[in-house]
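Report on one structure; see the data block that follows.
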DNA sequence: TTTTTATTGTATAATAATTATACAATAAAA
DNA sequence: TTTTATTGTATAATTATTATACAATAAAAA
């Protein structure tokens with residue numbers, strides 16, 4: 001694989017992805033750790049090919065790490081301060097990894113590419129953690145799900161990017177719920193409520209929550225789910241396919 | 001002034017500004033017309049210097065055309081389809097203006113710069129039309145306010161950009177009202193209502209509108225305004241300065 | 001078989017927010 | 001004065017949201 005500086009990318013533009021996943025009352029973010037000495041975490045990111053829509057680039061970057069195709073993606077903000085560059089981070093990385101020689105060769109060229117100022121377009125995605133097998137690429141040492149409340153320290157302004165993505169996710173949740181992929185195919189109302197409570201980090205009153213969600217008219221009621229518990233069995237639901245709504 | 005291709009700009013990134021102004025129940029957009037044969041209208045746009053925040057670049061581009069300093073600006077969307085370039089428009093312009101020779105010289109270089117693919121960051125601004133004297137720059141033939149419902153045909157996807165800006169403006173209106181600049185220093189409640197009715201393109205019930213706006217707690221009531229009309233004189237208001245709100 | 005337990009689904013009461021209506025208070029002309 | 005065309009405010013009617021009550025029920029315990 002060619003180095004970024006040799007690819008046909010639009011220069012100084014990057015895409016940062018905040019991949020939200022949900023599992024057992026925890027909202028998580030998929031974050032790779034770089035395969036270098038020193039602890040460097042960075043959001044899944046990439047660049048835009050000359051002939052590629054930015055939405056498609058975001059999708060590609062996501063697929064590389066999650067290998068799922070039908071993904072829900074939303075552009076939420078552009079980060080464009082003049083001070084946004086990887087120099088501080090890269091210099092720190094090089095200091096911790098003296099075997100990397102930056103001299104008159106490819107490395108020098110890559111160093112210059114990476115330490116440019118970048119304007120970054122932020123996208124967030126929602127995926128079902130069970131449907132994703134995180135994929136390490138290139139320079140990843142590991143790639144893991146971190147609870148949104150206990151993220152590792154990240155490079156540059158990546159923590160701020162996650163915070164802004166979370167705000168956008170909350171704003172969009174009701175509107176976009178039928179595009180979601182955070183729950184299994186079939187689920188109970190309780191599971192939906194737990195998802196909401198986790199994303200909003202606050203409790204909802206069960207009876208009113210149920211009414212609110214049903215009035216969104218995006219759920220289809222299926223058979224009951226008998227778990228063996230000594231109480232009334234809840235119904236299972238699934239999201240209507242868009243054409244069925246009405 | 002140097003040509004864009006010779007400036008220290010970030011390449012393939014542009015900023016498009018939708019400058020909303022309000023006057024006499026009309027929501028208008030400030031749009032320059034290019035100084036070439038053929039009718040070419042394009043949103044005020046510009047590029048980002050290497051050492052310049054994108055917010056600041058947007059502010060600079062706005063000041064060039066309006067010469068006002070304290071401007072309310074909001075980033076609302078990035079337009080990044082791979083097909084976004086000025087080639088179709090420029091070729092049309094050149095066809096209508098045969099005196100422009102594109103050959104092995106500066107023109108050729110400029111042509112190549114302008115026909116690159118551009119990723120454009122959309123900003124919208126709100127200004128008081130009375131406080132603005134539109135400024136022609138460089139290649140402007142004219143610069144005028146057009147009613148948002150009767151915009152001239154614009155190049156590329158600029159109509160779509162305006163539409164998206166209007167949606168964002170409506171969404172943000174209540175929240176951002178104290179940052180606004182669409183009304184004179186002092187105004188009546190009726191004027192505020194007319195502003196809202198114009199922006200939302202729908203009527204509001206007077207009594208309830210008054211209550212709603214007052215409950216936002218951003219207005220300060222001043223003296224009455226005696227116009228000589230044979231009826232009760234309305235109060236004048238002004239926006240509180242932020243520190244006074246509470 | 002009946003009772004008990006924990007939970008679910010739905011109804012409805014209480015409260016809050018929104019919208020519609022009524023009406024007194026003007027400023028100036030008739 | 002009376003009239004006219006507003007404006008400011010109060011309150012009624014309606015709708016939406018939130019709180020509470022309670023019957024239904026799946027399976028274990030009595």
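Chains as they are written, first to last, in this note's numbering: chain A, 1 to 246; chain B, 1 to 246.
Just so you know, even glycine gets a beta-carbon here, dropped at the ideal spot from N, CA and C.
- DSSP places residue 19 of chain B inside the beta strand (DSSP E), whose first and last residues are 9 to 23.
- The beta carbon of residue 228 of chain B sits closer than 7 Å to no other beta carbon from its chain once the five residues preceding and following it are set aside.
- A Cβ-Cβ contact shorter than 8 Å links residue 15 of chain B with residue 58 of chain B.
- Measuring C-alpha to C-alpha distances from residue 7 of chain A to each of A:46, A:29 and A:31 identifies A:46 as the nearest.
- Using a Cβ-Cβ distance cut-off of 8 Å, the region 72 to 85 of chain B and the region 35 to 50 of chain B are not in contact, since fewer than three pairs of beta carbons, one from each stretch, lie closer than that value.
- With the criterion set as a beta carbon lying under 9 Å from some beta carbon of chain B, the members of the region 52 to 83 of chain A are 52, 53, 54, 55, 56, 57, 75, 77, 78, 79, 80, 81, 82 and 83, in sequence order.
- Residue-level contact check: residue 12 of chain B touches chain A, since one or more beta carbons of chain A fall below 8 Å from its beta carbon.
- By a beta-carbon distance limit of 8 Å, residue 162 of chain B contacts residue 29 of chain B. Their separation comes to about 6 Å.
- Think of a sphere of 9 Å around the beta carbon of residue 94 of chain B: no beta carbon from chain A falls inside it, the nearest being about 23 Å out.
- Closer than 8 Å to the CB of residue 170 of chain B there is not a single CB belonging to chain A.
- Taking 9 Å as the upper bound on Cβ-Cβ separation, chain B lies near residues 48, 49, 50, 51, 52, 53 and 54 of the region 33 to 54 of chain A.
- Straight through space, the alpha carbons of residue 127 of chain B and residue 166 of chain B are spaced by roughly 14 Å.
- For residue 43 of chain A, there is no enclosing alpha helix (DSSP H), as DSSP marks it with neither H nor E.
- Membership of residue 63 of chain B in the alpha helix (DSSP H) is indicated by the continuous run 54 to 66.
- Considered as a whole, the region 118 to 197 of chain B harbours 119 to 128 and 140 to 147 as its complete beta strand (DSSP E) runs of no fewer than 3 residues, in chain order.
- Nearest CB-CB separation between residue 117 of chain A and chain B: below the 8 Å threshold.
- Residue 50 of chain B sits in coil when the DSSP states are folded into three classes, being neither helix nor strand.
- A distance below 8 Å between beta-carbons, with the five flanking residues on each side excluded, links residue 226 of chain A to the following residues of its chain, in chain order: 233.
- Cβ proximity to chain B below 9 Å picks out 121 from the region 120 to 142 of chain A.
- Across the structure, residue 131 of chain A and residue 204 of chain A are spaced so that their CA atoms are roughly 27 Å apart.
- Apart from sequence neighbours up to five positions away, the residues of its chain that approach residue 152 of chain A with a beta-carbon distance below 8 Å are 31, 33, 39, 41 and 146, ordered along the chain.
- Under the DSSP assignment, residue 225 of chain A falls outside any beta strand (DSSP E); it carries neither an H nor an E label.
- Listed in chain order, the non-local C-beta contacts of residue 137 of chain A below 6 Å within the same chain comprise 64, local neighbours out to five positions each way being set aside.
- Nearest neighbour of residue 68 of chain B by Cα position, chosen from B:111, B:211, B:134 and B:90, turns out to be B:134.
- Around the CB of residue 52 of chain B, 16 or more other CB atoms lie within 10 Å, so the residue is classed as buried.
- Going by DSSP, residue 94 of chain A is part of the alpha helix (DSSP H) stretching over 87 to 96.
- For residue 31 of chain B, the enclosing beta strand (DSSP E) has its first and last residue at 26 to 34.
- Residue 223 of chain A is classed as exposed because its beta carbon has fewer than 16 other beta carbons within 10 Å across all chains shown.
- Ranked by how close their Cα comes to the Cα of residue 174 of chain B, the residues B:157, B:192, B:160 and B:188 have B:192 in first place.
- In the DSSP annotation of this structure, the continuous segment of the alpha helix (DSSP H) that includes residue 214 of chain A starts and ends at 206 to 215.
- With 16 or more other Cβ atoms inside 10 Å of its own Cβ, residue 181 of chain A counts as buried.
- The beta carbons of residue 73 of chain A and residue 55 of chain A sit closer together than 8 Å.
- In this structure, the beta-carbon distance from residue 198 of chain B to residue 22 of chain B falls below 8 Å.
- Listed as beta-bridge partners of residue 237 of chain B by DSSP are B:187 and B:221.
- Scanning B:18, B:231, B:62 and B:119 for the CA closest to the CA of residue 12 of chain B turns up B:119.
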